[in-house]
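**Q** Below is one structure. I have some questions about it.
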Amino acid sequence: MLFRRAPQKSEELKIIIVGAGEVGFHIAQRLSEEQKQVVVIDQNPDKLRRIEDNMDVQTILGSGSWPSVLKTAGAEDASIFLAVTDSDETNIVACLFANAIAPEATKLARIRTEEYTAYPKLLGSDSLRISMLINPEQEIVRSIERLLTLPGAVEYGQLADGFIRMVGMRVEGGPLVDEPLTRFRHIVKDDGIMVGAIARAQKLIVPSGADTIKAGDTVYFAYKPTSQRALLRALNRTRGNLGTACIVGGGNIGLRLARLFENKGVDTKLIDINEKRCEELADLLQGTLVLHGDGTDKSLLEEEHVSQMDAFIAVTGDEESNILSCLLAKSLGVRDTVARVNKAAYLPLVEAIGISHSVSPRLSAVNSILQYIRQGKVLSSVAVGGDAAEMLEALVPDDSALAGKRVQELGLPKGILLLGVIRGGEAFIPSGQSSIQPQDRIVLLALREKMSKLEEIVSRKRG
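Here it is, written out as structure tokens:
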């Protein structure tokens, strides 16, 4: 058992992360940037080395389900304990021993198997005291459904109980192109929409009024649900209708997606490479045609007339296979393709090579965990541009330094933008003259490197 100790952070909050995979890596990176004291435990030295090379946190080589390792990590002093390995059983055992060593610590566990998630009370019992089960797969299924009904959408999320939505849309033409953003509201003829960020040439910017949208940009819009029609009209888009779909991958996500499509009356085919799993799926699904085969087999896709389908969704555990099968489906003429990816670095690349949409359960898990850790300051959050930026919802307390000020008086630095305000059960997109009132819920966007500054701003008290 080896460990590397990082310098003590000024932040008192100590967080232990069991699991240095993609989820653990990105949580540790974000929390380290926010000056939290972080300890990461994993049995794989290569994964720990990657963390050591990219951030300033303490790492420990060993199993997070071993009490001796937890004690070496200082679990008794931890405020938050995260178990995010790829093994549900390891995560449960880690929380069991963490509860014995640090009963007052808040425990979050990544649990994906339905056999466990069906019993949340058991996992939250006194022996485990898991405060939050992280299972982003159901949210991923809902995101896929929304993406497929928003033509041109590459990302989708919602905050403030759905009062404010976020969508990333590829802009190829239309009245918004080459116009300064100062004319945006005049063009869309709706005051419920705002441009939050623009992705161009693999770079995400938070724009000012002088910036323009260029053909080929991916633009991230914040909007009220009632303004969606106006947004699509300004982009020369119409709401998509999903009638037929092909799913590749019969894991938890593929199964849940097929069930959703069955309930929606979508004519669905599901392909999986594992014959035994296909037999199980055939018993679990009523209206879905289950096929044993390889989603990267072009002849199989041709035989099943994939070219005539509205959507092709690849959600196997192998992201390279997902990307390849989506490219094959695209070459056959499928209108919409969705690829499940795990590495955040792949998200912008997927769009660049012509795949319509990408989804990441692991990134969704990171968002859920960060939202929980920031409880009190942040009510909800969604990633933007992979993880290049974040939109979040915060409450304005009575003693907040923001209360009573106009938006133009807030002095928000470049890279941070106020996108929405929810007051009295109604949402509006603010202008510079809009004022912030106590108990408002505000929605902001910040580049990742500005997150510490944003937390400081929303936490600042009057006087």
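With full-length UniProt numbering, the residue at position 363 of the sequence shown is 363, and numbering never jumps. We put the CB at the ideal spot given by N, CA and C, even for glycine.
Within this structure, are the beta carbons of ILE16 and LEU82 separated by less than 8 Å?
**A** Yes; because the gap between Cβ atoms is below 8 Å, this pair is in contact.
**Q** Quickly, what does DSSP pair ARG441 with across the bridge? List them, please.
**A** Answer by DSSP bridge pairing, in chain order: LEU395, ILE422.
**Q** Can you tell which of ASN54, VAL39, ARG30, ALA78 has the C-alpha that lies nearest to the C-alpha of ILE60?
**A** Ranking the options by Cα distance to ILE60, first place goes to VAL39.
**Q** Work out the CA separation of ALA73 and GLY265 for me, nearest whole Å.
**A** One C-alpha to the other measures close to 51 Å.
**Q** Jot down the residue ranges of each uninterrupted alpha helix (DSSP H) in the region 26-111, minimum 4 residues, whole runs only, in chain order.
**A** Within the region 26-111, the complete alpha helix (DSSP H) runs of at least 4 residues are 45-54, 67-72, 88-101.
**Q** Per DSSP, what kind of secondary structure is SER381 in: helix, strand or coil?
**A** Here SER381 sits in strand by DSSP.
**Q** Can you find the residues in the same chain that come closer than 6 Å, C-beta to C-beta, to LEU13, ignoring five residues on each side of it along the sequence?
**A** So the qualifying residues of the chain are LYS36, SER79.
**Q** Taking the alpha carbon of ALA197 as the point to measure from, which residue in ASN54, SER208, VAL396 has its own alpha carbon closest?
**A** ALA197 has its Cα closest to that of SER208, out of ASN54, SER208, VAL396.
**Q** Between the C-alpha atoms of GLY21 and ILE193, what's the straight-line distance to the nearest angstrom?
**A** Straight-line Cα distance between these residues: approximately 37 Å.
**Q** Only counting the same chain, and skipping five residues up and downstream in sequence, which positions put a Cβ closer than 7 Å to that of ASP191?
**A** Excluding residues within five positions, the ones whose Cβ falls inside 7 Å are ARG185, ILE429.
**Q** Taking C-beta to C-beta, are VAL334 and MET309 nearer than 8 Å?
**A** Taking 8 Å as the Cβ cut-off, VAL334 and MET309 qualify as a contacting pair.
**Q** Between PRO225 and ILE41, what straight-line distance do the alpha-carbon atoms span, to the nearest angstrom?
**A** Using only the alpha carbons, I get a separation of about 42 Å.
**Q** Which residues in the same chain have their Cβ closer than 7 Å to the Cβ of ASN367, if we skip the five residues on either side of it in sequence?
**A** So the list reads SER381, VAL382, ALA383, once near-sequence residues are dropped.
**Q** Quick one: is TYR119 buried, meaning 16 or more other Cβ sit within 10 Å of its Cβ, or exposed?
**A** Exposed, because fewer than 16 other Cβ atoms sit within 10 Å of the Cβ of TYR119.
**Q** Any idea what DSSP makes of GLY254, helix, strand or coil?
**A** Helix, per DSSP.
**Q** Can you name the residues that DSSP bridges to ASN336?
**A** Strictly speaking, residue 336 in this sequence is Asp, with Asn absent from that position. Paired residue(s): ALA311.
**Q** Which of the three DSSP states, helix, strand or coil, is assigned to GLN158?
**A** Strand.
**Q** Can you list, in chain order, the residues of its chain whose CB lies under 6 Å from that of ARG423, leaving out five sequence neighbours each side?
**A** Contacts found: ASP440.
**Q** If you measure from the beta carbon of LYS121 to each beta carbon in chain D, is any gap under 8 Å?
**A** Absent here is chain D; the protein component of the structure consists of one chain.
**Q** Do you know offhand how far LEU327's Cα is from ASN135's?
**A** Approximately 28 Å between the Cα atoms of the pair.
**Q** At 4 residues or longer, and completely inside the region 229-298: list those alpha helix (DSSP H) runs for me, N to C.
**A** Listed in chain order, they are 252-264, 275-284.
**Q** Going by the CB atoms, is the gap between ALA314 and ARG340 shorter than 8 Å?
**A** In contact: ARG340 and ALA314 (Cβ atoms closer than 8 Å).
**Q** State the CB to CB distance for the pair ALA394 and VAL290, rounded to an integer number of angstroms; the pair is presumed to be in contact (CB under 8 Å).
**A** Rounded, the Cβ-Cβ distance is 45 Å, inconsistent with contact.
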